[in-house]
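Chemist:
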Amino acid sequence: MRVEAGGGRARAVGAPASRPPRATVAARSGEGAYPWLWILPALALVLLFTLYPVAHTLWTSLHRVMILLPGEPFIGLANYRAVLESAFFAPALLNSLWFTATAAPLIVLLGLGVAHLLLADFRGRFLVRSVVILPWALPGAISAVLWIWIFHPSWGILNLVLYELGLIERYIPWLTDPGLVRVSVVVAHVWTQFPFAAVLLMAALTAIDPQLYEAAKIDGAGRWQRFRFVTFPQIKAMVVVLLVYAALVAFTSYDLVYAMTGGGPGTATTLLSFQIWKESFSMYNFGNGAALAFITVLISLGFIFAIVRALPSDLFGDADA
Amino acid sequence: MPEGARLGRPLLYLAALLLFLFSVGPVFLSLLGSVIPDQALFSFPADWFGRGFTYDNYRYIFTGELPRSYEIRGANRGMISDAARQVPGSMVNSMAVALAVMAVNVVLGAPAAYAFARMRFRGRRLAFMAIVLSRLVPAMALAVPFYLLIQALGLLGTKTALILVHSVLTLPFTVLILSVFFRRIPTEIEDAAIVDGCTRAQLFLRIVLPLSLPSLAATGLFAFMLSYAEFLFALVLSGDAANRPLSVVMASLARNVDVSWGILNSAIFLAVLPSVVLVAIVWRFIVEGILVGGVKG
Amino acid sequence: MTTRRQLFAISALAAAGALLTVPTTAHAQDVTLEFVVWNYSLETIQDNVKKFEELNPGIKINITDYTWNDYHDTMVLRLRGNTQTDVIYGGQDWLPSWAAAGWLVPLEEHFPEVAKYKDRTANYALSDMTYQGKLYGLSYYADIISFIYNKKILDDHGIAVPETWEDVLAASLKLKEAGMEKPIVYEYDQELPNFYDAFVAQVYGRGGEMFDENLEPLFNDPESEAWKHLQWLQDAFSKHEIVAPETHESKIIPAMNTGKHAFTIVFNYVLAAMNNAAEQPRAGEFDLALMPGAAHSTLGFAKFYALTAQAAQDDARRDAAWQFIEYMGGGDYQIAKRWAVEKGLGFAQLPLFDDPDVQAAWSGWIDPEKFKQQATLAKNGTWTEWTGIWTAYFRPLLAQAMIGEASVAEVMEAGAAKWVEYRTLLRGN
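Here it is as structure tokens:
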């Protein structure tokens, strides 16, 4: 038995390799206040900018805060009711849900495929790796300009190319048909988000011990089986995180879609996130905006819950670590 | 080395080409749009290369010299937006803020992530949740309280305000991701170090960090990108032109009647360059990982 | 012409005014004013400000700018958050609500001499800057919504300039038959205030009104011009399919320049950009036509310099702000003239309609006489404390009706009900 000398405490450290290695670094019970030193700067900064805003928003959602009317009386859940019963809520919610449910998985799947591709060995690999990051670097309003140029029904590049290639006879209304426009904005959004999924998945994939693959190959596992039983479990935590993050981003984003379509045609691409802003700054009703924000929070929590349930991983709390 | 895709060679190259086109295509369009004169670009039937290339747009952005097309008769010289001239300056602003945010994320986020991954203490779960779930509230709802908070701190219109806010937006994700990576580091390595008499801090600095360079680089890059492209708070908290970030200038250009398509695309192409440079530098840390030694041995 | 005499009179008055106000600033210490603008041609604004500072050594101006589409929201943040703000660009659609909220104060209350500008201001602009009978600002620029068409295309097809909306339909159908898929390109974005303004302009062209003098809605009557025009638009979009929607005026410029469209309805200054030979392939082909409809009227509006309540609390600031506002929007109109000549921005100051420099500069992209004719026929919109929030509610309904997602009847009735609801909430009747 080795005795650990550092840290001012003598602890028995399990020596034989047969003992679960976790019973060492990780399983320190009761470290006292020391760990707080490590997390305090980050925690303090985040809390400063979270507690007050959340409290402020909560307070606003429970009061009548309208610029055009004096005073800010308490009105309980009236704002929430008004939002839920409003004409814009259901279509915007459906649009946002559809948008999130299509974009988030696509981003992660595409990111996974790209990550695998970029880890393969081929000439020009460095070049492709470098450019993959490009879509991520642009603000939403700018990506919108480029994708409008591509998708525009009258002077868009896509229609031009398809037409010149003889594949279509009439220009396709990518942005003006209510069904097609939903696809167009998802494509543009996925384009802006997939690089970060790819980068993080690449990092996760490189962290996998190659010996595990060797062992699997020796056992006769084919490529797909190696993925399913070696790769995926190792990256599952990362996949969950990425899915959750991509879902949150998709559910709360608005600038790309708005810049591309203005919410149209009609209400085909009006998103819930934008309504928060609109209720506050256009309808001058900050109470409603805040209530809608909290409703969005609840829905987002629902997303997280669903995703984490569907893909159990050691992400949120193991017994020891 | 980790397993890469093992398609047949031709399929592999095809996939790589498609990926290349998909990523670069729109940006390449902006390059074309910046050097092909507008008259050619919007001609119908399309004749893009009939008039050659022009660099007047870039020259205007950097020197203010009017593009040659404005010298011809009938051109209204007043109808060119000077907002485009703010692009280089605002690029520097955004880069400075984004680099600072990257640094803050690594310096504050990595230790916190490590503590969550490897230390046990009362309130650990709660603190972790507090940091990670802080991102649930949609940014649009936070605009007003953030504005009031920053104004109370006297930081309205400064780059510091943006650094703070962007760090708050990125830290949760950084902490989450890094905690996942830190947990992946085999404990034997850390145990061995402790046995050899390392303090926690030494263990962290000398062993864990170097082993996690890929993930640190990845999350750092993520923080940089988010800050660089962020628009909502950049707008709400920004002040005069000296401190203005790029995203605000770009949004203004995109809807400005006096900004020709060529100038807009020149600005877009310029905006992308810093990211390309950063990636070129950081990439080898991510993939040519220094993940050797402890794992293979 | 009495122009020169008018100018002399104005200068004399301005000089007298300046002499009268000099004592007030002479004993005040240096004042720094916070001037908040949207950043259209920021360099010009900065230059104008510099000229003012040179003439008024005791006053310094600090310019803060936002983009036009973010201006309103960030101003709401600023004003609610009490960030120091003294002189701002004001808009006709916000004036009643911002004044009612106590953020802006009438110039007329503190500086009655501003009344001298009233009869030199276009009526729609004057109305736009007035709330509860008091004048709140001096105009920065004023413009109209214009019906713009491609002369060459119409000539090539032997089509006369449309006088009514039936003419527009007939012309579009003829062009469509000749191969033009969507002869009309229309600014269609339900979140833009001018989406509603353009509709009102077209209704005015027909001789209709949205509301009567008692602020009762008129548009929910199937016989009203507004109802009929929404029906016309719905048919144009969905039945005849002659309209191509475009989300912003900045994209209408290249769209018209592809030659694939013949008609559009936008702010008048967009015509200057369309006809700009520096960048546009078809510059020179576009012209203004009187708004189709029996009355040929259109919507006119003004943006203006306004004084905040915050500034008015401090005498030195208030007086300095007035000097600044008068320099920029009043006086001998040098600043307004500069905007007109250099940038093609419209103006509310009547003398400028006949100014030879303005006419010379404008004839490059528009017929100044036709502009004057249309501006003379223009009318202001109905701006109340709740117009802003009501239009935010009504615009998506209009958008849905246009593409056939909702019926005209549904939309008009819902809009009228909401208007009455807001009116009752805020005015008690």
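Residue numbers (the working numbering), protein chains in the order written: chain A, 525 to 845; chain B, 32 to 328; chain C, 21 to 449. We put the beta carbon where it would ideally sit given N, CA and C, even for glycine. Note that this is a predicted model, so its numbers are computed, not measured.
Near residue 162 of chain B, what residues of its chain come up, given a Cβ to Cβ distance below 6 angstroms and the 5 sequence neighbours on each side ignored?
Modeler: As a first step, residue 162 of chain B must be located in the second sequence, where it is residue number 131. Cβ neighbours of residue 162 of chain B beyond the five flanking positions: 203 and 206.
Chemist: With 7 angstroms set as the bound, which would you pick, yes or no: does the beta-carbon of residue 329 of chain C sit closer than that to a beta-carbon of chain A?
Modeler: Numbered from its first residue, the third sequence carries residue 329 of chain C at position 309. Not an interface residue.
Chemist: Quick one: what's got a C-beta closer than 7 angstroms to residue 131 of chain B's C-beta in the same chain, skipping five residues either side?
Modeler: Residue mapping note: residue 131 of chain B aligns to position 100 of the second sequence, counting from 1. Only 194 meet the Cβ criterion.
Chemist: Do residue 283 of chain B and residue 87 of chain C come within 7 angstroms of each other at the CB atom, strictly closer than that value?
Modeler: By 1-based counting over the third sequence, the position of residue 87 of chain C is 67. By 1-based counting over the second sequence, the position of residue 283 of chain B is 252. In contact: residue 87 of chain C and residue 283 of chain B (Cβ atoms closer than 7 angstroms).
Chemist: By alpha-carbon positions, which one of B:291, B:186 and B:281 ends up nearest to residue 272 of chain C?
Modeler: On the third sequence, residue 272 of chain C is found 252 positions in, with the first residue counted as 1. The residue with the shortest Cα to Cα distance from residue 272 of chain C is B:291.
Chemist: To the nearest angstrom, how far is the alpha carbon of residue 141 of chain C from that of residue 442 of chain C?
Modeler: For the purposes of this step, residue 141 of chain C is identified with residue 121 of the third sequence, where counting begins at 1. For the purposes of this step, residue 442 of chain C is identified with residue 422 of the third sequence, where counting begins at 1. The straight-line gap from Cα to Cα measures roughly 31 angstroms.
Chemist: If you compare alpha carbons, which of C:423, C:406 and C:447 is closest to residue 435 of chain C?
Modeler: Numbered from its first residue, the third sequence carries residue 435 of chain C at position 415. Cα-wise, what sits closest to residue 435 of chain C is C:406.
Chemist: Identify the continuous alpha helix (DSSP H) that holds residue 234 of chain C and give its terminal residues.
Modeler: Sequence index remark: in the third sequence, residue 234 of chain C carries index 214 (1-based). Element bounds for residue 234 of chain C: n/a, residue is neither H nor E.
Chemist: If you draw a straight line from the C-alpha of residue 714 of chain A to the C-alpha of residue 242 of chain C, how long is it?
Modeler: Looking up residue 714 of chain A in the first sequence gives position 190. Looking up residue 242 of chain C in the third sequence gives position 222. Roughly 46 angstroms between the two C-alpha positions.
Chemist: Please report the distance separating the alpha-carbon of residue 342 of chain C from that of residue 112 of chain C.
Modeler: As a working note, residue 342 of chain C is residue 322 in the third sequence. As a working note, residue 112 of chain C is residue 92 in the third sequence. Each residue's Cα considered, the two are about 20 angstroms apart.
Chemist: Can you tell me which of C:377, C:52, C:403 and C:62 puts its alpha carbon nearest to the alpha carbon of residue 233 of chain C?
Modeler: One-based indexing of the third sequence puts residue 233 of chain C at position 213. If we check each option's Cα against that of residue 233 of chain C, C:403 comes out closest.
Chemist: Under a three-way DSSP split, which group does residue 546 of chain A fall into?
Modeler: As a working mapping, residue 546 of chain A is identified with position 22 in the first sequence. Interpretation of residue 546 of chain A is limited by its pLDDT of 42, a score under 50 that renders its predicted location unreliable; no figure is taken from the coordinates.
Chemist: Output the residue ranges of the alpha helix (DSSP H) runs that lie fully inside the stretch 78-115 of chain B and measure 4 residues or longer, sorted by chain position.
Modeler: Listed in chain order, the complete alpha helix (DSSP H) runs (minimum 4 residues) inside the stretch 78-115 of chain B are 87-94.
Chemist: Using the Cα positions of residue 660 of chain A and residue 168 of chain C, report the straight-line distance between them to the nearest angstrom.
Modeler: Locating residue 660 of chain A in the first sequence gives position 136, where the first residue counts as 1. Locating residue 168 of chain C in the third sequence gives position 148, where the first residue counts as 1. So the two alpha carbons sit approximately 39 angstroms from each other.
Chemist: Determine, for residue 90 of chain C, whether the minimum Cβ-Cβ distance to residues of chain B falls below 7 angstroms.
Modeler: Counting from one through the third sequence, the residue named residue 90 of chain C turns up at place 70. True, the Cβ-Cβ gap to chain B drops below 7 angstroms.
Chemist: Taking the C-alpha atoms as reference points, what is the distance between residue 829 of chain A and residue 399 of chain C?
Modeler: Position 305 of the first sequence holds residue 829 of chain A. Position 379 of the third sequence holds residue 399 of chain C. Cα to Cα, residue 829 of chain A sits roughly 56 angstroms from residue 399 of chain C.
Chemist: Determine the direct distance from the alpha carbon of residue 806 of chain A to that of residue 93 of chain C, and round the result to whole angstroms.
Modeler: Taking the third sequence and counting its residues from 1, the one referred to as residue 93 of chain C is at position 73. Taking the first sequence and counting its residues from 1, the one referred to as residue 806 of chain A is at position 282. For residue 93 of chain C and residue 806 of chain A, the distance between alpha carbons rounds to 8 angstroms.
Chemist: Note down, in chain order, every chain A residue with its Cβ under 7 angstroms from the Cβ of residue 55 of chain B.
Modeler: The sequence position of residue 55 of chain B within the second sequence is 24, counting from 1. Within chain A, the residues near residue 55 of chain B are 655 and 658.
Chemist: What residue does the beta strand (DSSP E) around residue 307 of chain C start on, and which one ends it?
Modeler: To locate residue 307 of chain C, count along the third sequence from 1; it is residue 287. Here the beta strand (DSSP E) through residue 307 of chain C covers 306-309.
Chemist: For the stretch 799-810 of chain A, list every residue whose C-beta sits within 8 angstroms of some C-beta in chain C, in sequence order.
Modeler: 801, 802, 805, 806, 807, 808 and 809
Chemist: Could you tell me whether the Cβ of residue 781 of chain A comes closer than 7 angstroms to any Cβ of chain B?
Modeler: Here residue 781 of chain A is taken as the residue at index 257 of the first sequence, counted from 1. When Cβ-Cβ separations below 7 angstroms define contact, residue 781 of chain A makes no contact with chain B.
Chemist: Tell me whether residue 410 of chain C sits in a helix, a strand or coil according to DSSP, three-state version.
Modeler: As a first step, residue 410 of chain C must be located in the third sequence, where it is residue number 390. In the structure shown, residue 410 of chain C sits in a helix (DSSP, three-state: H, G or I).
Chemist: Just the Cα atoms here: how many angstroms apart are residue 268 of chain B and residue 173 of chain B?
Modeler: Here the question's residue 268 of chain B lines up with position 237 in the second sequence. Here the question's residue 173 of chain B lines up with position 142 in the second sequence. Rounded to the nearest angstrom, the two C-alpha atoms are 12 angstroms apart.
Chemist: What residue from C:249, C:161 and C:173 has the CA that sits closest to residue 289 of chain C's CA?
Modeler: Here residue 289 of chain C refers to the residue found at position 269 of the third sequence. Looking at the Cα atoms, C:161 is the closest of the given residues.
Chemist: Do residue 105 of chain C and residue 328 of chain C have their CB atoms nearer than 7 angstroms?
Modeler: The residue labelled residue 105 of chain C in the question sits at position 85 within the third sequence. The residue labelled residue 328 of chain C in the question sits at position 308 within the third sequence. Cβ distance < 7 angstroms, so residue 105 of chain C and residue 328 of chain C count as in contact.
Chemist: To which residues does DSSP link residue 170 of chain C through a beta bridge?
Modeler: In the third sequence, counting from the first residue as 1, residue 170 of chain C sits at position 150. Residue 170 of chain C is bridged to C:306.
Chemist: For residue 587 of chain A and chain B, any beta-carbon pair shorter than 7 angstroms?
Modeler: On the first sequence, residue 587 of chain A is found 63 positions in, with the first residue counted as 1. No - not a single Cβ of chain B is within 7 angstroms of the one on residue 587 of chain A.
Chemist: What three-state label does DSSP hand residue 666 of chain A in the structure shown?
Modeler: Counted from its first residue, the first sequence places residue 666 of chain A at position 142. Residue 666 of chain A: helix per DSSP, three-state reduction.
Chemist: Taking 7 angstroms as the cut-off, decide whether the C-beta atoms of residue 54 of chain B and residue 658 of chain A are in contact.
Modeler: Locating residue 54 of chain B in the second sequence gives position 23, where the first residue counts as 1. Locating residue 658 of chain A in the first sequence gives position 134, where the first residue counts as 1. Yes, the pair counts as a contact, with Cβ atoms nearer than the cut-off.
Chemist: Going along chain C in order, which residues have a C-beta closer than 7 angstroms to the C-beta of residue 292 of chain B?
Modeler: Reading the second sequence from its first residue, position 261 is the one you call residue 292 of chain B. Here the neighbours are 274.
Chemist: Hey, is residue 79 of chain C's beta-carbon within less than 7 angstroms of any beta-carbon in chain B?
Modeler: Start at 1 with the first residue of the third sequence, and residue 79 of chain C comes out as number 59. Chain B contact via Cβ: absent.
Chemist: Please list the segments of the beta strand (DSSP E) lying wholly inside the stretch 183-209 of chain C, counting only runs of 3 or more residues, in order along the chain.
Modeler: Within the stretch 183-209 of chain C, the runs of beta strand (DSSP E) that reach at least 3 residues and sit entirely inside it are, in chain order, 204-207.
Chemist: Can you find a CB in chain C that lies within less than 7 angstroms of the CB of residue 278 of chain B?
Modeler: Walking along the second sequence from the start, residue 278 of chain B turns up at place 247. It does not: the Cβ of residue 278 of chain B has no partner Cβ on chain C nearer than 7 angstroms.
Chemist: Does DSSP put residue 149 of chain C in a helix, in a strand, or in coil?
Modeler: Taking the first residue of the third sequence as position 1, residue 149 of chain C is located at position 129. In the structure shown, residue 149 of chain C sits in coil (DSSP, three-state: anything other than H, G, I, E or B).
Chemist: Under 7 angstroms between the Cβ atoms of residue 175 of chain C and residue 366 of chain C?
Modeler: By one-based count along the third sequence, residue 175 of chain C stands at place 155. By one-based count along the third sequence, residue 366 of chain C stands at place 346. At a Cβ-Cβ threshold of 7 angstroms, residue 175 of chain C and residue 366 of chain C do not count as neighbours.
Chemist: Which same chain residues, not among the five before or five after residue 285 of chain C, have their C-beta less than 6 angstroms away from its C-beta?
Modeler: Taking the first residue of the third sequence as 1, we reach residue 285 of chain C at position 265. 167 and 218, listed in sequence order.
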